[in-house]
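A.B. asks: At position 109 of the sequence shown (counting the first as 1) the number is 108 in numbering that gives the first Met the number 0, and the numbers step up by one without a gap.
All C-beta atoms in this analysis are idealised placements derived from N, C-alpha and C, irrespective of residue type, glycine included.
Please find one structure pasted underneath; my questions will follow.
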Amino acid sequence: MKSLNISLLLVLIILSVRVSIAQDRQFARTYQSTVQAKGGFDIEFWNTMRTGRDYFYNRLDQRLEFEYGVTDKFQSAFYLNASHSAMGSKDTSFTGIMKESEFSFSNELKWQVLNPNVNRIGLGLYAEYTIGSSGGELEGKLILDKRNEKNIFAYNASGEYELNWDVRKGKTEVEKEFTFENNLGFIHLFKPTFGLGIEASNQNVFIDGKLQYAVVYAGPTLYLSSGNHYVMLNIFPQLTNLAGVDKPLELNDREKIQIRLFVGFSR
Numbered sequence: 000m001k002s003l004n005i006s007l008l009l010v011l012i013i014l015s016v017r018v019s020i021a022q023d024r025q026f027a028r029t030y031q032s033t034v035q036a037k038g039g040f041d042i043e044f045w046n047t048m049r050t051g052r053d054y055f056y057n058r059l060d061q062r063l064e065f066e067y068g069v070t071d072k073f074q075s076a077f078y079l080n081a082s083h084s085a086m087g088s089k090d091t092s093f094t095g096i097m098k099e100s101e102f103s104f105s106n107e108l109k110w111q112v113l114n115p116n117v118n119r120i121g122l123g124l125y126a127e128y129t130i131g132s133s134g135g136e137l138e139g140k141l142i143l144d145k146r147n148e149k150n151i152f153a154y155n156a157s158g159e160y161e162l163n164w165d166v167r168k169g170k171t172e173v174e175k176e177f178t179f180e181n182n183l184g185f186i187h188l189f190k191p192t193f194g195l196g197i198e199a200s201n202q203n204v205f206i207d208g209k210l211q212y213a214v215v216y217a218g219p220t221l222y223l224s225s226g227n228h229y230v231m232l233n234i235f236p237q238l239t240n241l242a243g244v245d246k247p248l249e250l251n252d253r254e255k256i257q258i259r260l261f262v263g264f265s266r
């Protein structure tokens, strides 16, 4: 509850800032090649709710992002990340709910190679690193997008290398995880301030070099903007596990459904 109150306070502070619209995205999950103009500034607040595993599991991921246009082709961003979990256990001898919170810091670099407004296709390159108390991540992303007056298409191919530290039987162990992910998004803008679309993701996770699962998520996305702020809402159910043998879904390490609410403010 304390963490939720802090998050609400941050939102109220952000709402008090007077800015003008200049956001670089209309999707909740799929990145676009557009970047902030030089000197442009965004504050974005992410909330991602994850629920539904083989055992009781709820998790709220939150990110507060500060994004700045370094040049008309290059932007950088800093994130403060928090993750709050409540979970049961598959071990039938265990009773009760375990709770934990994790905090981390991320830095993003994004370069627009081709502008989709003046070229047939947009092209962007993206890199992000994350440092936390229990591990770290390094991510690279190739961004392709195409847009006309009312439709936006976007595709991302990304690779993420993750190190996680754990202690088992008194010994420190390091788990190495690599994820190759394909993201696809389409949105139709009924108005410049209102759009509906769909996003899909294929997440292929390798641990110590072995494929563990290849899940597919897909679901609708709503985009709204007004003046100096914008909102994206995405509902993202898991559809299948392409590498599954016994079960159609991967519910040991991934959730049955994710819901993301994304609020941004620009100047």
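Are S132 and N163 closer than 8 Å when you measure CB to CB?
C.D. replies: no
A.B. asks: Quick one: Cα of S200 to Cα of T178, how far?
C.D. replies: 12 Å
A.B. asks: Using C-beta distances below 6 Å, list every residue in its chain close to R62, excluding the 5 sequence neighbours before and after it, in chain order.
C.D. replies: Exclusion of the five residues before and after R62 leaves W45, Y78, N80 as the residues of its chain whose Cβ lies within less than 6 Å of its Cβ.
A.B. asks: With a threshold of 8 Å, are at least 3 pairs of Cβ atoms found where one atom belongs to the segment 111-119 and the other to the segment 135-155?
C.D. replies: The segment 111-119 vs the segment 135-155: in contact.
A.B. asks: If we require 3 or more residues per run, which beta strand (DSSP E) segments fall completely within the segment 189-217?
C.D. replies: 193-206
A.B. asks: Mind checking V204: buried by the 16 CB within 10 Å criterion, or exposed?
C.D. replies: buried
A.B. asks: Name the residue from I42, E138, Q25 whose alpha carbon lies nearest to the alpha carbon of I130.
C.D. replies: The shortest Cα separation from I130 among I42, E138, Q25 belongs to E138.
A.B. asks: Using CA coordinates, which residue listed in T50, A76, Y67, H187 is at the minimum distance from E127?
C.D. replies: Nearest C-alpha to E127: A76.
A.B. asks: How many angstroms separate the CA atom of K260 from the CA atom of D207?
C.D. replies: Here residue 260 turns out to be Leu, not Lys, going by the sequence shown. So the alpha carbons of these two residues sit roughly 33 Å apart.
A.B. asks: Buried or exposed: which applies to A27, given that a residue is buried once 16 or more other Cβ atoms fall within 10 Å of its Cβ?
C.D. replies: buried
A.B. asks: Which residues in the same chain as L248 place their Cβ atom closer than 6 Å to its Cβ, once the five residues preceding and following it in sequence are excluded?
C.D. replies: Q237, N240
A.B. asks: With G169 and S32 assumed to form a contact (beta carbons below 8 Å), what rounded beta-carbon distance in angstroms separates them?
C.D. replies: With 8 Å as the limit, G169 and S32 do not qualify as a contact, their Cβ atoms being about 49 Å apart.
A.B. asks: If we ignore side chains and look at the alpha-carbon of each, how far apart do G194 and I234 end up?
C.D. replies: 15 Å
A.B. asks: Quick check: what's the CA-CA separation for N227 versus N57?
C.D. replies: 32 Å
A.B. asks: In angstroms with no decimal places, state the Cα-to-Cα distance between Q211 and L250.
C.D. replies: Approximately 12 Å between the Cα atoms of the pair.
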